[in-house]
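Going line by line, the protein sequences match chains F and Z. Using our numbering, the letters of the first sequence map in sequence onto residues 1 to 365. Using our numbering, the letters of the second sequence map in sequence onto residues 1001 to 1365. Ideal Cβ placement from N, Cα and C applies to all residues, glycine included. The structure displayed is predicted, hence computed values, not measured ones. One structure below.
2 protein chains.
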Amino acid sequence: MALPRPGSNMSAIAAALGVSAATVSNALSGKGRVSPELIEKVRAKASELGYVPSLTARALRTGRAGVLGLVLPDIANPLFPQIAQAIENAASNAGYGVLIADSRGDIAKQTEAIGRLLERGVDGMVIVPRRGTRIADIGCPVAVIDTPSTPGNTVSADHWEGGAQMGRHLAALGHRKVLLIGTSAFSNVQNDRIGGLKAGLGPDAECDTMWIEKVEAVSGEGCPLGLADKAAAGFTAFAAVSDLSALRALTELQRAGIGVPEMVSVTGFDDLIWSPVVTPALTTVRMDMATIADLAIAALIRAIEPEGEAENGAEEISAGNVTSETDRVPMQLIVRQSTGAPHAGGAPNLHARTPNKPTAGEVTS
Amino acid sequence: MALPRPGSNMSAIAAALGVSAATVSNALSGKGRVSPELIEKVRAKASELGYVPSLTARALRTGRAGVLGLVLPDIANPLFPQIAQAIENAASNAGYGVLIADSRGDIAKQTEAIGRLLERGVDGMVIVPRRGTRIADIGCPVAVIDTPSTPGNTVSADHWEGGAQMGRHLAALGHRKVLLIGTSAFSNVQNDRIGGLKAGLGPDAECDTMWIEKVEAVSGEGCPLGLADKAAAGFTAFAAVSDLSALRALTELQRAGIGVPEMVSVTGFDDLIWSPVVTPALTTVRMDMATIADLAIAALIRAIEPEGEAENGAEEISAGNVTSETDRVPMQLIVRQSTGAPHAGGAPNLHARTPNKPTAGEVTS
DNA sequence: TATTCGTGCTTAAACGTTTAATCAGAGACT
DNA sequence: AGTCTCTGATTAAACGTTTAAGCACGAATA
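Listed below in structure tokens is the structure:
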């Protein structure tokens, strides 16, 4: 492929072929009326000159920049790579670039980040909002990825159903006394997951919920969660609503000499990078990020590029959020080695040296 | 703050004040000759109309888009959030936007990703190259973040010295037989770290290196690494060159009933998100991402915006990579609970229930 | 034969900004 | 009084593309 040489624009091609720049534009875009032979000649000349269209100029003329914004509450969130990768992939398949913006800190930062993206003329944005934020109607199409229980959003994983799947899995194994572990009681996502877990475990299961932020507010950051005591109190399963908390639980229990999964089971959420490689590998629930991203991007593009001319008069109504209804994408249960039947009682068989089964044998629902 | 209304450009302000658009431009940029009073009036009118300059138009005219590209080998890499956050922060402080591009897959993908960014007219790019890739001289300033042993790059953490710090830490604790754990033998970063570790451990330490990719090529992905056997063979410390491998080692050892740090020590690299919260919290080495990002962005901007007019004739020389010399940013040793003196021999005190000391008491070098 | 139509191309304006060149007027100098 | 300079503005071109409008010409139609 010819290297993009800087001084090659449409006029250069036009001059080289003795035609007008407009014809070159029409030839390349296939829009106007150009003879097939000329189209071919233009194409040839373009690649010969290493022509690269100026998206900037096109953006100025058409008002569409071909760029989407991605606003994240905190890039440091371990889930972020999955989101960013999926969005970047979906967007770039659709011919769009992705401009990232971190709204770390307070809500004002989020507004500011959105403003910066608007200045840059993005055609639309994907927003993963800060907790409790309601995205106001800004001047461009917006797709919100959050949780179905947040009002007015567009697409999200079905966190509740994911929790329910996990709950049913644990119930089927025989767990009746389960500790649910969350980070913040104010997270809609986590509350949805916990709601699903309880429903999936069924009415005869005894559940308790531990919020890590509350514990840390008392005992300091990174403090032990006292899970060994909980195990002693009869909890046979620890269902965290994020893999990070699950990992924390797993290592704390292992450290206390409580075998997983022989004595207690541990589960997480999100299938983060470490879930398959720890010992025992984590049973977790995965969001289908690719589908979520595809839906979000597709919805955005639908709003940006009106396909069939909307003949009905109400064409300016959709200037705000992309859709009013919510898309719920199913989650996928991934059973690995950290779950098993609850310990039958009696002296716990500490540290039976059960080697990890290879994760190739993962069972997915 | 007045909401940015779409139909407000420089001409609108000019018309409202009865002056020309050029004067408005000069007034706002402070470049031409405009009377102070008029400048004030223009400013007032601008904010009254909610004027937002079109960065697109400015980009077209000036050839500078105010956007930098960030090319990553794999967004799913757990280190990515740190990089992206630091780069985004540094760039946005300098008034630049950040366009991300994932070069996941082969080297062709990386070239393609760079090409897409060039099309979009980025002013410069930060590249974290794929293994073994040499970034060719593309048409815009480039800052490369990799490792000092990669030729021709710009800025990186001093991985070797970081390894040396960790090596000295382990040596000081008394470890003499250490297993070094890496992922891929072809990674410059990992080799640098391992080299530093060996140097830091000193000549009388016995080191062995395990490459996980090799083990997995034989036994399958996610297979046990057989670390219990290594411990039985007398290794007292397991120094991984990434926190992910360290976590894998830690959980495998714990699972096998080998106490960390009473019996063996485990260390990692990068201070990833889970390092402080697992039990025992991981002793690791942190890259100063903020500084690295600042240096990279500053170098880029120096190349993009020539400050003092370069009076010497050789002004086009720096069209390629930003600098020829390499900036090495020191790493920071973070001592947590996963390291301790080697077990003195005799029957190992399996699973002494030593509670985690709170991480507030972290010791940093 | 005169009108209409379709084809293949050109002309010109537009997007919103920056910037070099120009210009009118006022004050300061010779 | 004539020339020069400084100031504060204007004019116009340019960045590279898209696109509506127009134009010339040959073919099909009335």
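For residue i, I'd like the list of residues in its chain whose CB is within less than 7 Å of its CB, leaving aside the five on either flank, ordered along the chain.
i         : result
Pro1078/Z : Leu1244, Leu1272
Glu1252/Z : Pro1224, Leu1225, Leu1227
Gly196/F  : His159, Trp160, Glu161, Gly162, Gly163, Ala164, Gly167
Glu1088/Z : Val1098
Gly121/F  : Ala59, Ala65
Tyr51/F   : Ser8, Ile13
Cβ atoms of residue j and residue i: under 8 Å apart, would you say?
i         : j         : result
Asp1270/Z : Thr1284/Z : yes
Arg64/F   : Ile304/F  : yes
Thr182/F  : Ile194/F  : Residue identity check: residue 182/F is Gly in the sequence provided, not Thr. Their beta carbons are under 8 Å apart, which means Gly182/F touches Ile194/F by this criterion.
Ala1237/Z : Val1155/Z : no
Leu1072/Z : Val1098/Z : no
Leu180/F  : Asp146/F  : no
Ala199/F  : Ala171/F  : no
Thr326/F  : Ser265/F  : no
Val1335/Z : His1169/Z : yes
Ile75/F   : Gln1085/Z : yes
Leu70/F   : Val1278/Z : no
Arg255/F  : Gln1190/Z : no
Pro81/F   : Pro1129/Z : no
Asp1288/Z : Ala1090/Z : no
Ala249/F  : Ala240/F  : yes
Ala16/F   : Lys45/F   : yes
Can you pull the chain F neighbours of residue i, defined as C-beta to C-beta under 8 Å?
i         : result
Leu1179/Z : Correct list: empty, because the minimum Cβ distance to chain F is about 16 Å.
Gly1340/Z : Chain F residues near Gly1340/Z: none, gap ~14 Å exceeds 8 Å.
Gly1121/Z : Ser54, Leu55, Thr56
Thr1236/Z : Per Cβ cutoff of 8 Å: no residues; Thr1236/Z is ~19 Å from chain F at best.
Using a cut-off of 7 Å between C-beta atoms, extract the partners of residue i located in chain F.
i         : result
Leu1247/Z : Trp274, Val278
Arg1328/Z : Result: empty, since nearest Cβ-Cβ is about 24 Å, beyond 7 Å.
Please list the partners that residue i has in chain F, where partner means a Cβ-to-Cβ separation under 9 Å.
i         : result
Asp1102/Z : Ala84, Gln85, Glu88, Asn89, Ser92
Verify the contact flag: residue i, CB atom, against every heavy atom of the ligand ADP, threshold strictly below 7 Å.
i        : result
Asp271/F : This structure simply doesn't include the ligand ADP, nor any ligand for that matter.
Would you mind telling me which residues of chain Z sit closer than 7 Å to residue i, beta carbon to beta carbon, in chain order?
i        : result
Arg255/F : Gln1254, Thr1279, Pro1280
Val98/F  : Leu1099, Ile1100
Thr133/F : Those do not exist, as Thr133/F stays about 18 Å from chain Z at its closest Cβ, beyond 7 Å.
Thr154/F : The premise fails here: Thr154/F is roughly 21 Å from chain Z at the closest Cβ pair, so nothing lies under 7 Å.
Thr23/F  : Going along chain Z, no residue has its Cβ under 7 Å from Thr23/F, so there is no contact; the nearest lies around 22 Å.
Just the chain Z side, please: which residues come within less than 8 Å of residue i by C-beta, in chain order?
i        : result
Ala76/F  : Pro1081, Gln1082, Gln1085, Ile1273
Leu244/F : Ile1273, Trp1274, Val1277
Arg130/F : Correct list: empty, because the minimum Cβ distance to chain Z is about 16 Å.
Thr147/F : Near Thr147/F there are no residues of chain Z at all, since even the closest Cβ is about 21 Å away, more than 8 Å.
Spatial neighbours of residue i within its chain, please: CB distance less than 6 Å, with the 5 preceding and 5 following residues excluded, ordered by chain position.
i        : result
Val24/F  : Met10, Ile13, Ala14, Val42
Ala217/F : none
Leu173/F : Ala341
Could you pull out every residue in the same chain whose Cβ sits closer than 8 Å to the Cβ of residue i, ignoring the five residues on either side in sequence?
i         : result
Ser1318/Z : Note that Ser1318/Z has pLDDT 43, beneath the 50 cutoff, so the model's placement of it is unreliable and the number below is only indicative. Contacts found: Pro1141, Ala1303.
Arg1131/Z : Pro1073, Ser1184, Phe1186, Ser1187, Asn1188
Ala101/F  : Gly69, Leu70, Val71, Leu72, Ala113, Ile114, Arg116, Leu117
Arg104/F  : Pro73, Asp74, Ile75, Ala76
Subject >> Members of the segment 1051-1067 of chain Z that neighbour chain F once the beta carbon cut-off is set at 8 Å >> reply: Val1052, Pro1053, Ser1054, Leu1055, Thr1056, Ala1057, Ala1059, Leu1060, Ala1065, Gly1066, Val1067
Original post:
What residues in the segment 78-93 of chain F have a beta carbon less than 8 Å from any beta carbon of chain Z?
Top reply: Pro78, Phe80, Pro81, Gln82, Ala84, Gln85, Glu88, Asn89, Ser92
**OP:** Compile a chain-ordered list of the residues in the segment 264-295 of chain F whose CB is closer than 9 Å to at least one CB of chain Z.
**Re:** Leu272, Ile273, Trp274, Pro276, Val277, Val278, Thr279, Pro280, Ala281
Subject >> Length-filtered (4 minimum) alpha helix (DSSP H) runs lying within the segment 1024-1060 of chain Z >> reply: 1036-1048
**OP:** Taking a Cβ distance cut-off of 7 Å, strictly less, list which residues of the segment 1158-1185 of chain Z are near chain F, in chain order.
**Re:** none
Original post:
Which runs of the alpha helix (DSSP H) fall wholly inside the segment 266-292 of chain F and span at least 4 residues, in chain order?
Top reply: none
**OP:** Starting from the N-terminal side, write out each stretch of the beta strand (DSSP E) that is 3 residues or longer and does not extend beyond the segment 198-231 of chain F.
**Re:** 206-211
Subject >> Chain-ordered residues of the segment 185-212 of chain F with a beta carbon less than 8 Å from chain Z >> reply: none
Original post:
In chain order, what residues of the segment 26-49 of chain F put their CB closer than 8 Å to some CB of chain Z?
Top reply: none
**OP:** For the segment 84-158 of chain F, list the beta strand (DSSP E) runs that are entirely contained and at least 3 residues long, ordered along the chain.
**Re:** 97-102, 124-127, 142-144, 155-157
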